[in-house]
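Down below is the structure, laid out as structure tokens.
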Amino acid sequence: MNKTDLRVRPIYHRLYNRIKAHICICFTAYTIMLELERLLKSRKSGLSLKRAQEITHNMYQIRYQLPHTKETKNQKLKMDREQQELFDIIMK
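In the numbering used here, the protein residues as written are 1019 to 1110.
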């Protein structure tokens, strides 16, 4: 692991707990990135990590509550082929 991938530095926090939290968040993000990379390779996807990041910027879901029953529902908005492929890889 190198610090460029982890992007831990520079740390602009002075309080010990905030420094620990910053490092924890960076490490968690790095772990998620490695897991996504592993999933993409294991499913033999043509998507790169960079492309996966780009296509998630346009993936949307709406949450709404039905007025009479107060039931909350989630609805994914229409996805293109790449977005659907990424969604299927992550959710399976």
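C-beta: ideal position from N, C-alpha, C; glycine also.
None of these values were measured; they are calculated from a predicted model.
Alpha carbon of residue i to alpha carbon of residue j, nearest angstrom
i       : j       : result
Lys1062 : Thr1087 : 43 Å
Lys1094 : Tyr1048 : 26 Å
Asp977  : Met1077 : Residue 977 falls outside the range modelled here, since the chain spans only 1019 to 1110, and no answer is possible.
Lys1091 : Tyr1082 : 5 Å
Ile1107 : Glu1100 : 11 Å
Ser1060 : Glu1089 : 38 Å
Ile1037 : His1031 : 6 Å
Thr1074 : Glu1103 : 11 Å
Ala1070 : Met1109 : 14 Å
Leu1058 : Cys1044 : 21 Å
Glu1072 : Asn1035 : 32 Å
Gln1079 : Pro1085 : 19 Å
Where residue i falls, given that 16 or more other Cβ within 10 Å makes a residue buried
i       : result
Leu1052 : exposed
Ala1039 : exposed
Asn1020 : In this predicted model, Asn1020 has a pLDDT of only 49, less than 50, meaning its place in the structure is not dependable; the value taken from the coordinates is given anyway. With fewer than 16 other Cβ atoms within 10 Å, it is exposed.
C-beta neighbour in chain B for residue i, strict 7 Å
i       : result
Ala1047 : Chain labels in this structure do not include chain B; a single protein chain is all it has.
Test item: CB-CB of residue i and residue j under 7 Å
i       : j       : result
Leu1067 : Glu1055 : yes
| task | Taking only runs that begin and end inside the segment 1037-1088, name each unbroken beta strand (DSSP E) of 3 or more residues, in chain order. | result | 1079-1083
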